[in-house]
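Going by my numbering, the sequence shown opens with residue 119, and the numbers climb by one from there. Ideal Cβ positions, reconstructed from N, Cα and C, are used throughout, including at glycine. Working notes, beginning with the structure itself.
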Amino acid sequence: MKIIYKNKDNVNPTKIITSSRGIIIKDNLVLLTYSSYFKDYITPGGRTTKEETLEETLIRELKEEIGIYNITFEEIGVIFEYYFKNGNYELKKHHYYLIKDYEEGKTNKRSDEISYGMESRWISPSDAIKENNKQIKERIKKGLLKEDEFITSLKRENEILRYIEENYL
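So this is what it looks like as C-alpha coordinates:
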(Lines of atoms letter the chains of each structure in order from A and count residues from 1; the text may use other names and numbers.)
(Lines give C-alpha, C1' and ligand atoms only; values in the text may rest on other atoms or scores of the structure.)
Protein backbone atom coordinates (compact mmCIF):
# COMPACT_ATOMS: atom_id res chain seq x y z
CA MET A 1 0.00 0.00 0.00
CA LYS A 2 1.26 3.49 -0.88
CA ILE A 3 2.59 5.61 2.02
CA ILE A 4 0.67 8.89 1.94
CA TYR A 5 2.23 10.50 5.00
CA LYS A 6 4.54 9.69 7.90
CA ASN A 7 4.98 12.25 10.68
CA LYS A 8 8.27 10.84 12.08
CA ASP A 9 11.29 8.81 11.03
CA ASN A 10 13.74 6.70 13.02
CA VAL A 11 11.35 6.04 15.90
CA ASN A 12 10.94 2.68 17.64
CA PRO A 13 7.36 2.59 18.93
CA THR A 14 6.52 0.61 22.05
CA LYS A 15 3.04 -0.14 20.69
CA ILE A 16 1.58 -0.47 17.18
CA ILE A 17 -2.13 -0.10 16.44
CA THR A 18 -3.63 -0.77 13.01
CA SER A 19 -6.85 0.71 11.68
CA SER A 20 -8.96 0.90 8.52
CA ARG A 21 -10.70 4.09 7.38
CA GLY A 22 -13.13 4.83 4.57
CA ILE A 23 -13.28 7.81 2.24
CA ILE A 24 -16.71 8.48 0.72
CA ILE A 25 -16.96 11.25 -1.89
CA LYS A 26 -20.05 12.85 -3.42
CA ASP A 27 -20.33 16.18 -5.27
CA ASN A 28 -16.78 17.21 -4.21
CA LEU A 29 -17.65 16.66 -0.54
CA VAL A 30 -16.42 13.93 1.80
CA LEU A 31 -18.48 12.15 4.43
CA LEU A 32 -16.72 12.65 7.75
CA THR A 33 -17.56 11.99 11.37
CA TYR A 34 -18.02 15.18 13.37
CA SER A 35 -17.78 15.20 17.17
CA SER A 36 -19.80 17.91 18.92
CA TYR A 37 -17.71 17.21 22.05
CA PHE A 38 -14.27 17.56 20.42
CA LYS A 39 -15.48 19.87 17.60
CA ASP A 40 -13.39 18.07 14.99
CA TYR A 41 -13.77 16.05 11.80
CA ILE A 42 -12.32 12.58 11.27
CA THR A 43 -12.64 9.90 8.63
CA PRO A 44 -14.93 7.03 9.63
CA GLY A 45 -13.12 3.86 10.66
CA GLY A 46 -11.29 2.30 13.55
CA ARG A 47 -8.95 -0.27 15.02
CA THR A 48 -8.58 -3.81 13.82
CA THR A 49 -9.12 -6.64 16.23
CA LYS A 50 -6.73 -9.60 16.36
CA GLU A 51 -9.22 -11.75 14.44
CA GLU A 52 -9.90 -9.26 11.62
CA THR A 53 -8.32 -8.40 8.32
CA LEU A 54 -8.05 -4.74 7.33
CA GLU A 55 -10.98 -5.20 4.96
CA GLU A 56 -13.17 -6.83 7.63
CA THR A 57 -12.39 -3.93 9.97
CA LEU A 58 -13.37 -1.45 7.28
CA ILE A 59 -16.71 -3.17 6.69
CA ARG A 60 -17.50 -3.42 10.42
CA GLU A 61 -16.47 0.13 11.29
CA LEU A 62 -18.36 1.79 8.43
CA LYS A 63 -21.52 -0.13 9.33
CA GLU A 64 -21.19 0.87 13.01
CA GLU A 65 -20.26 4.52 12.56
CA ILE A 66 -22.10 5.68 9.45
CA GLY A 67 -24.53 2.86 8.69
CA ILE A 68 -23.29 1.79 5.26
CA TYR A 69 -22.95 -1.81 4.12
CA ASN A 70 -22.45 -3.92 0.96
CA ILE A 71 -19.50 -1.69 0.17
CA THR A 72 -17.10 -1.92 -2.75
CA PHE A 73 -13.76 -0.25 -2.26
CA GLU A 74 -10.19 0.18 -3.45
CA GLU A 75 -7.00 0.92 -1.54
CA ILE A 76 -5.80 4.51 -1.35
CA GLY A 77 -2.78 4.26 0.95
CA VAL A 78 -1.50 4.28 4.51
CA ILE A 79 -0.56 6.99 7.00
CA PHE A 80 1.93 6.34 9.81
CA GLU A 81 0.98 8.45 12.84
CA TYR A 82 3.54 8.49 15.65
CA TYR A 83 2.50 10.12 18.92
CA PHE A 84 3.96 10.46 22.40
CA LYS A 85 2.11 8.73 25.25
CA ASN A 86 3.24 7.80 28.77
CA GLY A 87 6.87 8.63 28.01
CA ASN A 88 7.07 6.54 24.83
CA TYR A 89 6.26 6.77 21.15
CA GLU A 90 3.37 4.71 19.85
CA LEU A 91 2.38 4.16 16.23
CA LYS A 92 -1.01 4.06 14.56
CA LYS A 93 -1.03 2.69 11.01
CA HIS A 94 -4.16 3.99 9.27
CA HIS A 95 -5.11 2.17 6.05
CA TYR A 96 -7.38 4.26 3.81
CA TYR A 97 -9.87 2.96 1.27
CA LEU A 98 -11.98 4.77 -1.32
CA ILE A 99 -15.58 3.61 -1.00
CA LYS A 100 -16.93 3.27 -4.53
CA ASP A 101 -20.42 1.92 -3.87
CA TYR A 102 -22.55 1.17 -0.83
CA GLU A 103 -26.03 0.77 0.59
CA GLU A 104 -27.32 2.93 3.43
CA GLY A 105 -28.74 1.58 6.67
CA LYS A 106 -28.73 2.28 10.38
CA THR A 107 -25.66 2.98 12.49
CA ASN A 108 -24.68 0.89 15.49
CA LYS A 109 -22.53 3.36 17.43
CA ARG A 110 -20.69 2.46 20.62
CA SER A 111 -21.57 4.31 23.82
CA ASP A 112 -18.43 6.50 23.64
CA GLU A 113 -19.28 7.53 20.07
CA ILE A 114 -22.75 8.54 21.25
CA SER A 115 -21.46 10.45 24.30
CA TYR A 116 -18.97 12.35 22.09
CA GLY A 117 -21.84 13.45 19.83
CA MET A 118 -20.47 11.71 16.75
CA GLU A 119 -22.51 12.31 13.61
CA SER A 120 -21.91 12.00 9.87
CA ARG A 121 -21.54 15.22 7.88
CA TRP A 122 -20.83 15.99 4.23
CA ILE A 123 -18.19 18.73 4.08
CA SER A 124 -15.51 19.99 1.72
CA PRO A 125 -12.00 18.84 2.63
CA SER A 126 -10.80 22.46 2.88
CA ASP A 127 -13.58 23.38 5.35
CA ALA A 128 -12.84 20.31 7.49
CA ILE A 129 -9.12 21.19 7.49
CA LYS A 130 -9.92 24.75 8.63
CA GLU A 131 -12.06 23.47 11.51
CA ASN A 132 -9.44 20.89 12.52
CA ASN A 133 -6.71 23.57 12.44
CA LYS A 134 -8.78 25.69 14.84
CA GLN A 135 -8.97 22.73 17.21
CA ILE A 136 -5.22 22.07 16.94
CA LYS A 137 -4.52 25.69 17.94
CA GLU A 138 -7.03 25.53 20.82
CA ARG A 139 -5.59 22.26 22.13
CA ILE A 140 -2.02 23.56 22.03
CA LYS A 141 -3.19 26.75 23.76
CA LYS A 142 -4.69 24.55 26.52
CA GLY A 143 -1.31 22.89 27.04
CA LEU A 144 -1.30 19.78 24.85
CA LEU A 145 2.04 18.94 23.27
CA LYS A 146 2.37 18.84 19.49
CA GLU A 147 3.16 15.12 19.74
CA ASP A 148 0.05 14.38 21.82
CA GLU A 149 -2.41 11.94 20.23
CA PHE A 150 -5.17 14.60 20.25
CA ILE A 151 -2.96 16.80 18.04
CA THR A 152 -1.35 14.19 15.77
CA SER A 153 -4.75 12.64 14.97
CA LEU A 154 -6.04 15.92 13.53
CA LYS A 155 -2.81 16.51 11.61
CA ARG A 156 -3.22 13.01 10.15
CA GLU A 157 -6.82 13.78 9.17
CA ASN A 158 -5.73 17.01 7.48
CA GLU A 159 -3.06 15.11 5.51
CA ILE A 160 -5.54 12.57 4.12
CA LEU A 161 -8.04 15.33 3.34
CA ARG A 162 -5.37 17.29 1.40
CA TYR A 163 -4.43 14.10 -0.44
CA ILE A 164 -8.06 13.43 -1.36
CA GLU A 165 -8.56 17.02 -2.51
CA GLU A 166 -5.46 16.87 -4.74
CA ASN A 167 -5.98 13.38 -6.17
CA TYR A 168 -9.71 12.59 -6.17
CA LEU A 169 -11.67 15.87 -6.47
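- In terms of CA proximity to E249, L279 leads the group L262, D266 and L279.
- Secondary structure in the stretch 154-234: the alpha helix (DSSP H) runs of 4 residues or longer, each lying completely within the stretch, are 172-184 and 229-233 in chain order.
- Taking the Cα positions, W240 is about 27 Å away from I258.
- Between the beta-carbon of I217 and that of G163 there is about 11 Å, and that puts the pair past the 8 Å contact cut.
- Closest in alpha carbon position to N130, among N276, M236, F202 and F268, is F202.
- Assignment of beta-bridge partners to R274 by DSSP yields no partner.
- Inter-segment contact for the stretch 170-178 and the stretch 266-282 is absent: fewer than three beta-carbon pairs are separated by less than 8 Å.
- In the DSSP assignment, E256 falls within the alpha helix (DSSP H) that extends over P243 to K259.
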